[in-house]
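> Below is one structure. I have some questions about it.
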Amino acid sequence: PASNLGLEDIIRKALMGNLEE
Amino acid sequence: EITKAQRALMKVIVDAYNRHKIPQDVAKKLLQDQYSAEENFLLLTEMATSQVQVLVEFTKNIPGFLSLNHEDQIALLKGSAVEAMFLRSAQVFSQKMPNGHTEVLEERIRKSGISEEFMTPMFNFYKSIGELHMIEEEQALLTAITILTPDRPFVKDQQAVERLQEPMLEVLRKLCVLQHPQEPQYFARLLGRLTELRTLNHYHAEMLTSWRMN
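If you read the protein sequences in the order shown, they are chains A and B.
Positions 28 to 48 (my numbering) are the ones given, in order, by the first sequence.
Positions 1448 to 1661 (my numbering) are the ones given, in order, by the second sequence.
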């Protein structure tokens, strides 16, 4: 799930638009 | 007077601010009772992750943001994530919540292993935000302005960020004059909260280290 990714990983993933954990 | 273009800009920001919120099911978990310190910790981690995702979705709607250099987009989001998170949770705390909810939330945070010396400045900030009684437009614009802070670490093209932040500041200034005619210092007070937010940034880094240790 996203919650154990680092802050920057979550930001990059969300910026690219794929949000699934 | 707020121009037509400024009104349109404000509407885009406020609509995005309302559209991108923490999903109801995640937020509801905060109010379920009886969690251990560990479960509180995991819950707050999940909340923080969700808030960062919501922050990015909101930020994508800020006119001009996606045309910034990609690495600068990352630098701005990374640099403002903690501040935007506290700004948003401060607004949640200051909303009129059904009685008891604020106490449950406060209790939860106090029992999650966060050290006292971090707790006090955080709740003081929530109080000072609450006292401002900001309207939604002010909250949304202040969040956008926080994200578009040109001097975040690793931002290369600061002028490009300033060109995006300037119109936001201008609209917010006019809005404050219209909304708070009897308080000429209101705009300055809002910007003062951004300085307070920066100190929370420092506390937050320390808090994470102490959290990891215990």
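Using N, Cα and C, we set each Cβ at its ideal position, and we do this for glycine too.
Can you give me the C-alpha to C-alpha distance between Arg-1645 of chain B and Met-1532 of chain B, rounded to a whole angstrom?
Approximately 12 Å between the Cα atoms of the pair.
> What in chain A is Cβ-close to Ile-1594 of chain B, meaning under 9 Å?
By Cβ distance, chain A contributes nothing, its closest Cβ being about 11 Å from Ile-1594 of chain B, past 9 Å.
> Against chain A, with Cβ distances strictly below 8 Å, would Lys-1603 of chain B count as a contact?
Not an interface residue.
> Quick check on DSSP: helix, strand or coil for Thr-1646 of chain B?
Looking at Thr-1646 of chain B - three-state DSSP - the assignment turns out to be helix.
> Take the Cβ of Ala-1522 of chain B as the centre, count every other Cβ of all protein chains shown within 10 Å, and call the residue buried at 16 or more, exposed below.
When all chains shown are included, Ala-1522 of chain B counts as buried.
> Would the region 1485 to 1502 of chain B and the region 1462 to 1475 of chain B be scored as touching if the rule is three or more Cβ pairs under 8 Å?
In short, these stretches touch, since the Cβ pair count reaches three.
> Have a look at Ile-1582 of chain B and Arg-1454 of chain B and give me their C-alpha separation to the nearest angstrom.
The straight-line gap from Cα to Cα measures roughly 15 Å.
> I need the DSSP call for Glu-1567 of chain B, collapsed to helix, strand or coil.
At residue 1567 of chain B the sequence reads Thr, which differs from the Glu that was named. DSSP places Thr-1567 of chain B in helix when its eight states are reduced to three.
> Spatial neighbours of Ala-1484 of chain B within its chain, please: C-beta separation below 8 Å, excluding the five flanking residues on both sides.
Here the set comprises Lys-1558, Ser-1559, Gly-1560.
> Could you have a look at His-1580 of chain B and say whether DSSP puts it in helix, strand or coil?
DSSP places His-1580 of chain B in coil when its eight states are reduced to three.
> Sort B:Phe-1488, B:Lys-1458, B:Tyr-1464, B:Arg-1620 by Cα distance to Glu-1448 of chain B and report the nearest one.
Looking at the Cα atoms, B:Arg-1620 is the closest of the given residues.
> In chain A, which residues lie less than 8 Å from Leu-1524 of chain B when you measure between Cβ atoms?
Within chain A, the residues near Leu-1524 of chain B are Ile-38, Leu-42.
> Out of curiosity, what's the CA-to-CA distance linking Ala-1652 of chain B and Thr-1596 of chain B?
Near 19 Å, if we compare the C-alpha coordinates of Thr-1596 of chain B and Ala-1652 of chain B.
> The alpha helix (DSSP H) with Gly-1560 of chain B in it runs from where to where?
Unbroken run through Gly-1560 of chain B: none, as it is neither H nor E.
> State the Cα-Cα distance for the pair Arg-1636 of chain B and Val-1529 of chain B, rounded to the nearest angstrom.
Those two C-alpha atoms are separated by around 20 Å.
> Thinking Ala-1591 of chain B and Ile-1460 of chain B are a contact (beta carbons under 8 Å), I'd like their distance in whole angstroms, please.
That belief holds up - the Cβ atoms of Ala-1591 of chain B and Ile-1460 of chain B are roughly 5 Å apart, short of 8 Å.
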